[in-house]
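Colleague: This is the structure I have questions about; it appears just below.
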Amino acid sequence: MSRREPSPLPRPVLSGLRDGPDGNLVDDGDRGSILLNQLEHILESDTLINELGFVHPTQISELNAQSRASGLASFSDAMPTGGILNEHIPEQGGILYDETVFWYSDHKLAISITELSQLYGAVLKVFFNSIREYKASPDPVQFLQNDVLKHSKALLLLSCDFGSAWNSRKLVILRIPRLSLFMYELQLSALILSHSPKSESSWSHRMSEMKLIVSALGDQTHCSDM
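For the sequence shown, counting from 1, position 104 maps to 104 in UniProt numbering; every step adds exactly one.
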(Lines of atoms letter the chains of each structure in order from A and count residues from 1; the text may use other names and numbers.)
(Lines give C-alpha, C1' and ligand atoms only; values in the text may rest on other atoms or scores of the structure.)
Protein backbone atom coordinates (compact mmCIF):
# COMPACT_ATOMS: atom_id res chain seq x y z
CA MET A 1 0.00 0.00 0.00
CA SER A 2 1.50 3.28 -1.07
CA ARG A 3 2.02 5.92 1.56
CA ARG A 4 0.05 9.07 0.96
CA GLU A 5 1.99 12.29 1.14
CA PRO A 6 0.48 14.85 3.52
CA SER A 7 -1.25 17.77 1.89
CA PRO A 8 0.75 20.97 2.06
CA LEU A 9 -0.46 23.53 4.55
CA PRO A 10 -2.42 26.37 2.97
CA ARG A 11 -0.48 29.56 2.59
CA PRO A 12 -1.68 32.35 4.83
CA VAL A 13 -3.59 35.14 3.18
CA LEU A 14 -1.41 38.23 3.15
CA SER A 15 -4.01 40.92 3.56
CA GLY A 16 -3.47 44.44 4.76
CA LEU A 17 0.29 44.35 4.22
CA ARG A 18 2.28 47.46 3.46
CA ASP A 19 5.85 48.71 3.54
CA GLY A 20 7.08 49.48 7.05
CA PRO A 21 9.61 52.15 8.02
CA ASP A 22 12.47 49.65 7.78
CA GLY A 23 11.48 48.42 4.32
CA ASN A 24 9.85 45.22 5.61
CA LEU A 25 6.20 44.33 5.18
CA VAL A 26 3.96 45.29 8.09
CA ASP A 27 0.58 43.68 8.80
CA ASP A 28 -1.82 46.55 9.39
CA GLY A 29 -3.94 44.41 11.72
CA ASP A 30 -0.97 43.79 14.01
CA ARG A 31 0.14 47.39 13.66
CA GLY A 32 -3.25 48.66 14.77
CA SER A 33 -3.25 46.42 17.84
CA ILE A 34 0.27 47.43 18.83
CA LEU A 35 -0.47 51.13 18.41
CA LEU A 36 -3.64 50.68 20.46
CA ASN A 37 -1.60 49.07 23.24
CA GLN A 38 0.70 52.07 23.19
CA LEU A 39 -2.19 54.54 23.26
CA GLU A 40 -3.95 52.77 26.11
CA HIS A 41 -0.73 52.55 28.09
CA ILE A 42 -0.23 56.31 27.73
CA LEU A 43 -3.80 56.88 28.93
CA GLU A 44 -3.40 54.53 31.89
CA SER A 45 -0.02 55.97 32.86
CA ASP A 46 -1.30 59.55 32.97
CA THR A 47 -4.90 59.92 34.10
CA LEU A 48 -4.49 63.72 34.15
CA ILE A 49 -4.24 64.17 30.37
CA ASN A 50 -6.36 67.23 29.66
CA GLU A 51 -5.71 68.05 26.00
CA LEU A 52 -6.04 65.86 22.92
CA GLY A 53 -5.40 66.67 19.29
CA PHE A 54 -5.25 64.91 15.94
CA VAL A 55 -2.51 66.38 13.80
CA HIS A 56 -0.53 65.88 10.61
CA PRO A 57 2.50 63.56 10.97
CA THR A 58 4.87 66.45 10.25
CA GLN A 59 3.49 68.22 13.32
CA ILE A 60 4.05 65.06 15.38
CA SER A 61 7.70 65.09 14.34
CA GLU A 62 8.06 68.78 15.17
CA LEU A 63 6.42 68.37 18.58
CA ASN A 64 8.63 65.42 19.51
CA ALA A 65 11.72 67.31 18.35
CA GLN A 66 10.75 70.30 20.48
CA SER A 67 10.11 68.07 23.49
CA ARG A 68 13.50 66.40 23.15
CA ALA A 69 15.21 69.76 22.78
CA SER A 70 13.54 71.15 25.90
CA GLY A 71 13.91 67.96 27.92
CA LEU A 72 10.15 67.49 28.34
CA ALA A 73 10.31 63.98 26.91
CA SER A 74 12.53 62.66 29.68
CA PHE A 75 9.58 60.84 31.31
CA SER A 76 8.78 58.93 28.14
CA ASP A 77 10.73 56.23 26.38
CA ALA A 78 9.84 57.06 22.81
CA MET A 79 10.77 55.18 19.66
CA PRO A 80 12.36 57.79 17.35
CA THR A 81 12.61 55.68 14.20
CA GLY A 82 8.95 54.81 13.77
CA GLY A 83 9.50 51.17 14.67
CA ILE A 84 6.66 49.20 16.23
CA LEU A 85 7.46 46.91 19.16
CA ASN A 86 5.30 44.11 20.50
CA GLU A 87 6.31 44.92 24.07
CA HIS A 88 5.01 48.39 24.82
CA ILE A 89 5.90 48.63 28.52
CA PRO A 90 9.64 49.02 29.16
CA GLU A 91 11.30 47.51 32.20
CA GLN A 92 12.04 50.91 33.69
CA GLY A 93 8.35 51.78 33.77
CA GLY A 94 8.50 54.58 31.20
CA ILE A 95 6.02 55.05 28.40
CA LEU A 96 7.07 53.43 25.16
CA TYR A 97 5.40 54.68 21.99
CA ASP A 98 6.02 55.31 18.31
CA GLU A 99 7.21 58.89 17.87
CA THR A 100 5.86 59.01 14.32
CA VAL A 101 2.34 58.36 15.62
CA PHE A 102 2.12 59.90 19.09
CA TRP A 103 3.33 62.96 20.92
CA TYR A 104 2.85 63.05 24.67
CA SER A 105 4.13 65.60 27.18
CA ASP A 106 2.92 67.63 30.14
CA HIS A 107 -0.53 65.96 30.24
CA LYS A 108 -1.08 66.62 26.54
CA LEU A 109 -1.48 64.03 23.79
CA ALA A 110 -1.41 64.29 20.00
CA ILE A 111 -2.10 61.49 17.53
CA SER A 112 -1.17 61.38 13.85
CA ILE A 113 -4.19 61.53 11.57
CA THR A 114 -2.60 58.96 9.26
CA GLU A 115 -3.02 56.19 11.86
CA LEU A 116 -6.56 56.88 13.03
CA SER A 117 -8.12 54.19 10.85
CA GLN A 118 -5.67 51.58 12.20
CA LEU A 119 -6.39 52.55 15.78
CA TYR A 120 -10.13 52.68 15.20
CA GLY A 121 -10.28 49.23 13.64
CA ALA A 122 -8.22 47.73 16.46
CA VAL A 123 -10.18 49.33 19.29
CA LEU A 124 -13.56 48.41 17.80
CA LYS A 125 -12.63 44.74 17.94
CA VAL A 126 -11.38 44.71 21.52
CA PHE A 127 -14.19 46.96 22.75
CA PHE A 128 -16.97 44.72 21.47
CA ASN A 129 -15.17 41.64 22.77
CA SER A 130 -14.84 43.21 26.22
CA ILE A 131 -18.46 44.34 26.49
CA ARG A 132 -19.69 40.95 25.29
CA GLU A 133 -17.64 39.15 27.96
CA TYR A 134 -18.77 41.66 30.58
CA LYS A 135 -22.46 41.20 29.83
CA ALA A 136 -22.11 37.41 29.68
CA SER A 137 -20.68 37.27 33.21
CA PRO A 138 -23.36 37.11 35.95
CA ASP A 139 -20.94 38.69 38.40
CA PRO A 140 -18.27 40.53 36.39
CA VAL A 141 -14.85 40.49 38.00
CA GLN A 142 -12.77 43.62 38.17
CA PHE A 143 -10.58 42.92 35.16
CA LEU A 144 -13.68 42.67 32.93
CA GLN A 145 -14.90 46.02 34.24
CA ASN A 146 -11.48 47.54 33.73
CA ASP A 147 -11.29 46.22 30.16
CA VAL A 148 -14.62 47.81 29.26
CA LEU A 149 -13.58 51.15 30.76
CA LYS A 150 -10.13 51.05 29.16
CA HIS A 151 -11.26 50.14 25.64
CA SER A 152 -14.33 52.38 25.65
CA LYS A 153 -12.15 55.34 26.66
CA ALA A 154 -9.79 54.80 23.74
CA LEU A 155 -12.75 54.36 21.40
CA LEU A 156 -14.41 57.57 22.58
CA LEU A 157 -11.24 59.56 22.08
CA LEU A 158 -11.31 58.43 18.46
CA SER A 159 -15.08 58.62 17.99
CA CYS A 160 -16.64 60.90 20.58
CA ASP A 161 -20.29 60.16 19.79
CA PHE A 162 -20.04 56.36 19.74
CA GLY A 163 -23.21 55.59 21.70
CA SER A 164 -22.38 51.99 22.62
CA ALA A 165 -19.13 53.11 24.24
CA TRP A 166 -20.86 55.73 26.39
CA ASN A 167 -23.60 53.25 27.33
CA SER A 168 -21.05 50.63 28.32
CA ARG A 169 -19.40 53.07 30.71
CA LYS A 170 -22.74 53.92 32.28
CA LEU A 171 -23.46 50.21 32.70
CA VAL A 172 -20.21 49.59 34.56
CA ILE A 173 -20.35 52.74 36.68
CA LEU A 174 -23.94 52.21 37.83
CA ARG A 175 -23.00 48.69 38.95
CA ILE A 176 -20.14 50.01 41.05
CA PRO A 177 -21.22 53.57 41.92
CA ARG A 178 -18.34 55.44 43.52
CA LEU A 179 -17.68 59.15 43.74
CA SER A 180 -14.15 58.66 42.41
CA LEU A 181 -15.54 57.03 39.26
CA PHE A 182 -18.04 59.84 38.77
CA MET A 183 -15.23 62.38 39.00
CA TYR A 184 -13.14 60.37 36.54
CA GLU A 185 -16.02 60.49 34.05
CA LEU A 186 -16.15 64.26 34.37
CA GLN A 187 -12.46 64.38 33.55
CA LEU A 188 -12.93 62.09 30.54
CA SER A 189 -15.76 64.19 29.13
CA ALA A 190 -13.65 67.33 29.58
CA LEU A 191 -10.78 65.69 27.68
CA ILE A 192 -13.06 64.75 24.80
CA LEU A 193 -14.64 68.19 24.74
CA SER A 194 -11.17 69.72 24.48
CA HIS A 195 -11.06 68.58 20.84
CA SER A 196 -14.79 68.08 20.13
CA PRO A 197 -16.54 70.91 22.00
CA LYS A 198 -19.85 70.32 20.22
CA SER A 199 -20.11 66.61 21.03
CA GLU A 200 -23.69 66.16 22.26
CA SER A 201 -22.96 62.71 23.68
CA SER A 202 -20.07 64.06 25.74
CA TRP A 203 -22.16 66.90 27.12
CA SER A 204 -25.01 64.51 27.92
CA HIS A 205 -22.68 62.11 29.73
CA ARG A 206 -21.14 65.02 31.61
CA MET A 207 -24.52 66.24 32.83
CA SER A 208 -25.48 62.73 33.94
CA GLU A 209 -22.27 62.38 35.93
CA MET A 210 -22.76 65.78 37.57
CA LYS A 211 -26.19 64.66 38.79
CA LEU A 212 -24.67 61.46 40.19
CA ILE A 213 -21.96 63.48 41.95
CA VAL A 214 -24.53 65.82 43.52
CA SER A 215 -26.54 62.81 44.67
CA ALA A 216 -23.47 61.06 46.09
CA LEU A 217 -22.34 64.19 47.94
CA GLY A 218 -25.85 64.63 49.31
CA ASP A 219 -25.84 61.07 50.62
CA GLN A 220 -22.47 61.64 52.29
CA THR A 221 -23.73 64.83 53.96
CA HIS A 222 -26.85 63.03 55.17
CA CYS A 223 -24.78 60.22 56.67
CA SER A 224 -22.43 62.64 58.43
CA ASP A 225 -25.39 64.45 60.02
CA MET A 226 -26.85 61.28 61.47
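Yeah, the Cβ is synthetic: ideal placement off N, Cα and C, and Gly gets one too.
#1: Just how far apart, CA to CA, sit His41 and Ala216?
#2: For Ser199, does the three-state DSSP call read helix, strand or coil?
#3: What residues match up with Ser112 in a beta bridge as DSSP calls it?
#4: Grab the span of the alpha helix (DSSP H) containing Ile173 for me, first residue to last.
#5: By how many angstroms is the C-alpha of Val141 removed from the C-alpha of Leu179?
#6: What do you get for Val172, buried or exposed, if any count of 16 or more other CB atoms within 10 angstroms of its CB means buried?
#7: Tell me whether Leu186 sits in a helix, a strand or coil according to DSSP, three-state version.
#8: I'd like the span of the alpha helix (DSSP H) that includes Leu48, first residue to last.
#9: Name the one or two DSSP bridge partners that Lys143 has.
#10: Would Ser208 pass as a contact of Ile192 if the rule is Cβ separation under 7 Å?
#11: Considering only DSSP beta bridges, list what Tyr104 is partnered with.
#12: By Cβ distance, which residues of its chain are closer than 6 Å to Val126, with the 5 residues on each side in sequence left out?
#13: Starting from the Cα of Ala165, find the closest Cα among Leu144, Leu186, Tyr134 and Phe128 and give me that residue.
#14: Checking 7 Å against the spacing of the C-beta atoms, do Tyr97 and Gln145 come in under that value?
#15: So, using beta-carbon positions, are Ile111 and Ser45 closer together than 7 Å?
#16: Please go through the same chain and pick out, in chain order, the residues whose beta-carbon is closer than 8 Å to the beta-carbon of Leu186, but skip the five residues on each side of it.
#17: Between Lys198 and the rest of its own chain, which residues show a CB-CB distance below 8 Å, the 5 nearest in sequence each way excluded?
Modeller: With the structure as the only source:
#1: 30 Å
#2: coil
#3: Val55
#4: Gly163 to Arg175
#5: 20 Å
#6: buried
#7: helix
#8: Unbroken run through Leu48: none, as it is neither H nor E.
#9: This sequence places Phe at residue 143; Lys is not what is there. For Phe143, which the question treats as bridged, DSSP gives no partner whatsoever.
#10: no
#11: Leu109
#12: His151
#13: Phe128
#14: no
#15: no
#16: Arg206, Glu209, Met210 and Ile213
#17: none
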